[in-house]
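Trainee:
Chains as they are written, first to last, in our numbering: chain A, 7 to 340; chain B, 19 to 163.
#1: Against chain A, which members of the region 46–67 of chain B pass a CB distance test of less than 9 Å?
#2: Flag this pair as touching only if the region 112–119 of chain A and the region 83–98 of chain A have three or more C-beta atom pairs under 8 Å; answer yes or no.
#3: Answer yes or no: the CB of residue 141(B) versus the heavy atoms of the ligand SAH, is any distance below 7 Å?
#4: Under 8 Å between the Cβ atoms of residue 93(B) and residue 121(B)?
#5: How would you label residue 46(A), buried or exposed, when you count the other beta carbons within 10 angstroms and need 16 or more for buried?
#6: Going along chain A in order, which residues have a C-beta closer than 7 Å to the C-beta of residue 84(B)?
#7: Any idea which residues DSSP pairs residue 158(B) with across the strands?
#8: I need the straight-line Cα distance from residue 111(A) to residue 302(A), nearest angstrom please.
#9: In terms of residue numbering, what span does the beta strand (DSSP E) encompassing residue 158(A) cover?
#10: Which whole runs of the alpha helix (DSSP H) in the region 256–302 of chain A are 4 residues long or more, in chain order?
#11: So what's residue 87(A) in DSSP terms, helix, strand or just coil?
#12: Report back the beta-carbon spacing between residue 113(B) and residue 54(A) to the nearest angstrom; my notes put them in contact at under 8 Å.
#13: Closest by CA to residue 344(A), which one among 122(A), 60(A) and 56(A)?
#14: In angstroms with no decimal places, state the Cα-to-Cα distance between residue 28(A) and residue 140(A).
#15: Answer with yes or no whether the minimum CB distance from residue 77(B) to chain A is below 8 Å.
#16: Quick one: what does DSSP say residue 227(A) is sitting in, helix, strand or coil?
#17: Taking beta-carbon pairs under 7 Å, can you tell me which members of the region 167–180 of chain A lie near chain B?
#18: May I have the straight-line CA-CA distance separating residue 162(B) from residue 138(B), to the nearest angstrom?
#19: Mind checking whether residue 227(A) and residue 254(A) have CB atoms under 8 Å apart?
#20: Say whether chain A places a C-beta atom closer than 8 Å to the C-beta of residue 150(B).
#21: Under the three-state reduction of DSSP, which class applies to residue 92(B): helix, strand or coil?
#22: With which residues is residue 153(B) paired in a DSSP beta bridge?
#23: State the Cα-Cα distance for the pair residue 48(A) and residue 177(A), rounded to the nearest angstrom.
#24: Check the Cβ-Cβ distances between residue 165(A) and every residue of chain B, and say whether any is below 8 Å.
#25: Examine the Cβ distances between the region 223–239 of chain A and the region 200–207 of chain A and report whether three or more of them are shorter than 8 Å.
#26: Under three-state DSSP, which class holds residue 16(A)?
#27: Look at the alpha carbon of residue 250(A) and the alpha carbon of residue 334(A), and state the distance between them as a whole number of angstroms.
#28: I believe residue 188(A) touches residue 248(A) by the beta-carbon criterion, under 8 Å. Please report the beta-carbon distance rounded to the nearest angstrom.
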C-alpha cells in the first residue's frame, strides 16, 4: 500500500512515497536539493512563501523518484500539527487538493509522532516498551512508547531545545551554521573536562530538561575568559559544552529506561545524528541491557517518509480525516 | 513617555518582573523585547505568560526554531522569536500582521529586527546583562499608551 507523506511544519518542504509503512520509495527534502537551479527564481530561506513556491515541485519529485503515479497511491498523509501555522497550511492545502482530485483517503498526522516512528522504518525489530528521546532544533522530548504506539510523555524542555542550544552557542562562538555538526566535529579534538559547565536539571528527580542556562553559562564564560586573556582552545569549549548536553540527555533517558523497564532506547530527531550522543547513549544503554536505535540521517531530520509511515498504521486502524482537515500550531501526541 | 527600570539577580526575579508586566497587559498589546543572547528574554516571556493567566502547567519554551508559539491565557498569547530571521523580507514573509492586529497579546523576541513593522503603539522592553547574573529590564511605552 503506497502512501504519499507531506511535511511542511517548519523550514523543510518535504514529501515521500512509502510502501506498507516501512519501505521508503522516495524521500525528498527541500534543503537537500538545489531548488534555485531546479526550479528557478528566488526561494526565500525561511517562510511560508518558500513552501508555496516549492511544494508542487517537491511532491512531483517524490512521485517521480519513487517511479510511481498518483493512481498507485492509496492515501495522502500530511503533518497538520504542531508547527508554524502558515507553513503547515501549505502542506495541508496541497494534501487536501490531491485527496479530492484523486479521491483518496486523507490523514492528518502529528509531526512528533512522525519522529518517534522514524526509527521503526529502519529497524523492524524495535521492541516495546521503549523510551524515545526526540532531540532537534525545536524539540527535546522524552516519551515512553508502548505496544500499539501508545505514548506517555515523561518530560520536555522547559526553555531551549538541545539543538537550539547547539546553534546558539555555535553562533556566539562565531562558528556558523549548523551548530550541531560544527561543535560535534570540534569536540572530537577537545578536552571535555576543560571547563565544568552546569548540567541543568540533572539533580532533579524528574525527566524535564533545560538548556537555556547552559547556553548563558557558555556565553559568560567566554566573555570572562576573553577579558582575562585566558580563552581556552575552541575545541575545549566545544567538547566541554557538548559533554554537558550529552550527559543530561543520556542520564535522564537511562533513568527513564530503568524506571519503565524499557527494552530499548529510540533516539530520533536531528540531534540524533550527533556522534557523542550516539556513543554515550549506546554505552550507557549497554550497561542496563537496553539496545539503542537511531535512524539514518534522512529519517532523523524533518521528512515526509515518517509521516507516511505513521499514517499507514492509522489507516490500518480505520482512521481517516475529512476534507475539512485543519492545521493547528499546537497538538500533543497523547 | 514613561520608562520603568528593574534590576534582577536571578532568573526567578526576571520571571517575577515578567509576571507583573503580564498582569497589566491588555488584549491587542504588542511587547517588543530587545536584548542579546542569554539575557533572559524567554525567561521574561514565561513570566509575562503567567501574568496573562496561562495555566502554570503549560510549558512556555523557546520559539527560536518554530518562530511562533501560541498559548491560551485570559487572551491568546503569541510568542514570536525572530532569532533565525536576519533579513527584513523574511520577517515580512512570516505574515505577522494577522498576529499584530489581532485580539491577542504578541510578545516578540529580537523585535529590533522588525522595528519598521511594529505598530504605532507598543511596549518596548530592553534587557541587558551587567554580569552573568544581574539583568536590567527597561520597560517603555512607545506611542500613546
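Glycine included, C-beta positions come from ideal geometry on N, C-alpha and C.
Mentor: Taking the coordinates as given:
#1: For the region 46–67 of chain B, which is checked against every Cβ of chain A, the residues closer than 9 Å are 54, 55, 56, 57, 58, 60, 61 and 64.
#2: These segments touch.
#3: With respect to the ligand SAH, the structure offers nothing, as it holds no ligand at all.
#4: Judged by beta-carbon spacing, residue 121(B) lies within the 8 Å limit of residue 93(B), meaning their Cβ atoms are closer than that value.
#5: Low confidence applies to residue 46(A): its pLDDT is 48, below 50, so where it sits in the model is not reliable, and the reading given next is rough at best. Its Cβ having fewer than 16 others within 10 Å, residue 46(A) is exposed.
#6: The contacting residues are 16, 89, 90 and 144.
#7: Listed as beta-bridge partners of residue 158(B) by DSSP are 21(B) and 142(B).
#8: Computed Cα separation, rounded: 29 Å.
#9: Where residue 158(A) is concerned, the enclosing beta strand (DSSP E) starts and stops at 156–162.
#10: Counting whole runs of 4 or more residues, the region 256–302 of chain A contains the alpha helix (DSSP H) stretches 281–293.
#11: Three-state DSSP puts residue 87(A) in a strand.
#12: The Cβ separation is near 7 Å, so the contact holds.
#13: For residue 344(A) there is no data in the structure shown, the boundaries of chain A being 7 and 340.
#14: Cα atoms of residue 28(A) and residue 140(A): separation of roughly 19 Å, rounded to the nearest angstrom.
#15: It does; some Cβ of chain A falls within 8 Å.
#16: Reduced to three states, the DSSP call for residue 227(A) is helix.
#17: Here the close residues are 167, 170, 174 and 178.
#18: For residue 162(B) and residue 138(B), the distance between alpha carbons rounds to 8 Å.
#19: Taking 8 Å as the cut-off, the Cβ atoms of residue 227(A) and residue 254(A) do not count as close.
#20: Yes, residue 150(B) counts as interfacial toward chain A.
#21: Per DSSP, reduced to three states, the secondary structure at residue 92(B) is coil, with no helix or strand assignment.
#22: Answer is 26(B) and 147(B), bridged to residue 153(B).
#23: With a pLDDT of 44 at residue 48(A), under the threshold of 50, the predicted position of this residue should be treated as unreliable, though the coordinate-derived value follows. Cα-Cα distance, rounded: 26 Å.
#24: Cβ-Cβ to chain B under 8 Å: yes for residue 165(A).
#25: Contact between the region 223–239 of chain A and the region 200–207 of chain A is established, with three or more Cβ pairs separated by less than 8 Å.
#26: In this structure, residue 16(A) counts as coil in the three-state DSSP scheme.
#27: Roughly 34 Å between the two C-alpha positions.
#28: Incorrect: roughly 11 Å between the Cβ atoms, too far for contact.
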